[in-house]
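Numbering (this note's numbering), first residue to last: 49 to 198. These notes concern the structure reproduced below.
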Amino acid sequence: MLRIINRIAEYLSNEIVEVPTKATPEAVGAPQFYDMTEAQGIILLWLDSVPNYVDPNKKLESDDFRTHIYQRSMLLILSIGMKTVGGSPKLDELVEKIEQKLVHLKVGDFSPLRPVSISKIMIDGNNVFWRQMIFETRQKIVGHPVSISL
Numbered sequence: 049m050l051r052i053i054n055r056i057a058e059y060l061s062n063e064i065v066e067v068p069t070k071a072t073p074e075a076v077g078a079p080q081f082y083d084m085t086e087a088q089g090i091i092l093l094w095l096d097s098v099p100n101y102v103d104p105n106k107k108l109e110s111d112d113f114r115t116h117i118y119q120r121s122m123l124l125i126l127s128i129g130m131k132t133v134g135g136s137p138k139l140d141e142l143v144e145k146i147e148q149k150l151v152h153l154k155v156g157d158f159s160p161l162r163p164v165s166i167s168k169i170m171i172d173g174n175n176v177f178w179r180q181m182i183f184e185t186r187q188k189i190v191g192h193p194v195s196i197s198l
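If you want it as structure tokens, here you go:
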């Protein structure tokens, strides 16, 4: 998972030069505490894993040895923060630009990124405007049957 998040962060760093991109291996509880004394803004991103589920088309009750297909859903979460004066048009432009760059982006053996939600604008105590974006991607996992002889 860390390899995927680093590849997306590297891609965003090359495509979006207005603010730095920082990948974190786990969820950031409160991105507003990120120090932005020198930067005009920041893009924080991390992955959140959704538990695997079995393909509903496969019957689990069968005694047959079958190949089972699982889907692992991953949520790519981005918190975008910018110091802006008198509103947030720059933040909205940045969010639009990020969405255009990431929509349908395919990383490794995961499905293309699909936008799930974009939050409303929030402001923290340091006058930093924040928006959060969530994208979803899935990975197909094929579980082959194993025969064990005792």
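Just so you know, even glycine gets a beta-carbon here, dropped at the ideal spot from N, CA and C.
Own chain partners of residue i with C-beta closer than 6 Å, once the 5 adjacent residues on each side are dropped
i: residue 154; result: 160
i: residue 61; result: 69
Per-residue DSSP class, three states only, for residue i
i: residue 180; result: strand
i: residue 148; result: helix
i: residue 154; result: coil
i: residue 172; result: coil
i: residue 60; result: helix
i: residue 142; result: helix
i: residue 38; result: The structure shown has nothing for residue 38, since the chain only spans 49 to 198.
i: residue 77; result: Note on residue 77: pLDDT 48, under 50, position unreliable in the model; the coordinate value appears next. DSSP places residue 77 in coil when its eight states are reduced to three.
Beta-carbon proximity check, residue i vs residue j, cutoff 8 Å
i: residue 95; j: residue 146; result: no
i: residue 125; j: residue 88; result: no
i: residue 169; j: residue 150; result: no
Presumed contact (8 Å Cβ cut-off) between residue i and residue j, rounded CB distance
i: residue 123; j: residue 182; result: 6 Å
i: residue 162; j: residue 121; result: So it is not a contact: roughly 10 Å between Cβ atoms.
i: residue 144; j: residue 164; result: Contact flag wrong, Cβ pair sits at about 16 Å.
Nearest neighbour of residue i, chosen from the options [CA to CA]
i: residue 129; options: 97, 191, 198 and 68; result: 68
i: residue 142; options: 56, 157 and 63; result: 63
Sequence-distant residues of the same chain with beta carbon closer than 8 Å to residue i, five excluded per side
i: residue 189; result: 100, 117, 118, 119 and 120
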